[in-house]
Amino acid sequence: MVKMEYYCILPKNSLPFSLWSEPRSSRFQNDLPPNLPQNCKCTGIICSMPYRARWCSPMTSFTASNSLNHGASSWSEDHLSNGNIVSEGASEKDLPQKLGTDELKSLLLDSERSRLLKKLSEANQYNRFLKRQLQIKDDVLVSLNNEVALLELESQALVNLAEEVANSVVQPGSRKINGKYIQSHLLSRLQAVRERLKEKIKDANSLKFEEVTLVWIGMAESVQVMGSFDGWSQGEEMSPEYSGNYSRFSATLKLRPGRYEVKFLVDGEWLLSPELPTVGEGILKNNLLIVE
Numbered sequence: 003m004v005k006m007e008y009y010c011i012l013p014k015n016s017l018p019f020s021l022w023s024e025p026r027s028s029r030f031q032n033d034l035p036p037n038l039p040q041n042c043k044c045t046g047i048i049c050s051m052p053y054r055a056r057w058c059s060p061m062t063s064f065t066a067s068n069s070l071n072h073g074a075s076s077w078s079e080d081h082l083s084n085g086n087i088v089s090e091g092a093s094e095k096d097l098p099q100k101l102g103t104d105e106l107k108s109l110l111l112d113s114e115r116s117r118l119l120k121k122l123s124e125a126n127q128y129n130r131f132l133k134r135q136l137q138i139k140d141d142v143l144v145s146l147n148n149e150v151a152l153l154e155l156e157s158q159a160l161v162n163l164a165e166e167v168a169n170s171v172v173q174p175g176s177r178k179i180n181g182k183y184i185q186s187h188l189l190s191r192l193q194a195v196r197e198r199l200k201e202k203i204k205d206a207n208s209l210k211f212e213e214v215t216l217v218w219i220g221m222a223e224s225v226q227v228m229g230s231f232d233g234w235s236q237g238e239e240m241s242p243e244y245s246g247n248y249s250r251f252s253a254t255l256k257l258r259p260g261r262y263e264v265k266f267l268v269d270g271e272w273l274l275s276p277e278l279p280t281v282g283e284g285i286l287k288n289n290l291l292i293v294e
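Read in order, the letters of the sequence shown are residues 3 to 294 in this note's numbering.
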């Protein structure tokens, strides 16, 4: 069907309900249908005007029997999506797609895995830093311990000399302190200093690391020694030495003097070594390692 639409040009200072228009040219006068309705649909508004309109320009559009509201609704649905203008050639692949539950779980797992790996890397890096710092402190402690040992030898020599002087013939007129000659007082003071120095050396040796070698003998692919020496956290991987009938795994630990509990993780299974004494009962039973 042919549908006539009239585009009304509004005067500048007029109101919507008192609009007047007229044809742009006189040739449109004959084209107006005799049964023109009193209400004319204009762009964005509905104006009430008589049949004798002054400025009303007819525009012919060939449409189906659909109404104007249906056409506007269809255009809005086709060209608008979530408030955004979408091109007519856009395909469904260009539109955002909702993620499924499995995909969301996979993304969350990947994100959590990346975060944990980053934390583990930072922890390992900090652990290596602490080990380097501990090694530096240990080297300094060993150097100081050697110097103290030399001082202890010097003090022993001074004690021997003082003892020799005290046992020699005392010269007449020698000074006395609390009824003893000064030579005897010198000997006793040097002996006291030497005893205190020996105690300090003993305390320093208790902080010194000792190298302890642990051995596991048996058929296995991997062996790791775990224990209280590092809080049962990482342990130490043991190096294998294969022979024809058995495998010998060994590891060298730097430990301070003391008592430690250890256990061997052999191919994922916790086992005890028959070469070391044991403490505890049941699942709390461990090997005992004494470092002197």
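A virtual CB, placed ideally from N, CA and C, is assigned to each residue, including glycine.
Notebook entry, point to check: According to DSSP, is L278 helix, strand or coil?
Noted result: Here L278 sits in coil by DSSP.
Next item on the list: Return the CA-CA distance between S249 and L119, expressed in angstroms with no decimal places.
Entry: Looking at the two C-alpha atoms, the distance is approximately 34 Å.
Note to self: Quick check: the Cα distance between K107 and E124, rounded to an integer number of angstroms?
What the structure shows: A direct Cα-Cα distance of roughly 26 Å separates K107 from E124.
Check: Smallest Cα separation from I203: which of V142, E154, K178 and D104?
Finding: It is E154.
Checklist line | Residue range of the beta strand (DSSP E) that includes N288 | finding: Per DSSP, the continuous beta strand (DSSP E) segment holding N288 begins and ends at N288 to V293.
Check: How would you label A164, buried or exposed, when you count the other beta carbons within 10 angstroms and need 16 or more for buried?
Finding: The residue is buried, with at least 16 neighbouring Cβ atoms inside 10 Å.
Item checked: Whole-number beta carbon distance between S208 and E258, since they are thought to touch under 8 Å -> The residue asked about is misnamed: residue 258 is Arg in this sequence, not Glu. With a beta-carbon spacing of about 7 Å, R258 and S208 fall inside the 8 Å limit used to define contacts.
Checklist line | Inter-residue spacing [alpha-carbon to alpha-carbon] between A159 and P276 | finding: Rounded to whole angstroms, A159 to P276 spans 48 Å at the Cα level.
Item checked: Helix, strand or coil at Y248 according to DSSP, with G and I counted as helix -> In the structure shown, Y248 adopts coil according to DSSP, grouped into three states.
Check: In whole angstroms, what is the alpha-carbon distance linking K287 and S190?
Finding: When only Cα atoms are considered, K287 and S190 end up about 51 Å apart.
Checklist line | From L278, G282, Y128 and L146, residue whose alpha carbon lies closest to that of K210 | finding: Ranking the options by Cα distance to K210, first place goes to L146.
Margin query: Classify G229: buried if its beta carbon has 16 or more other beta carbons within 10 angstroms, exposed otherwise.
Written below: G229 comes out buried.
Note to self: If you follow the beta strand (DSSP E) that F266 is in, where does it begin and where does it stop?
What the structure shows: It spans G260 to V268 - the beta strand (DSSP E) in which F266 sits, taken as one unbroken run.
Check: Along the chain, where does the beta strand (DSSP E) that runs through E105 open and close?
Finding: Element bounds for E105: not the beta strand (DSSP E) but the alpha helix (DSSP H), T103 to N169.
Item checked: For E212, three-class secondary structure by DSSP -> Three-state result, E212: strand.
Item checked: Span of the beta strand (DSSP E) around E271 -> Segment E271 to L273, the beta strand (DSSP E) holding E271.
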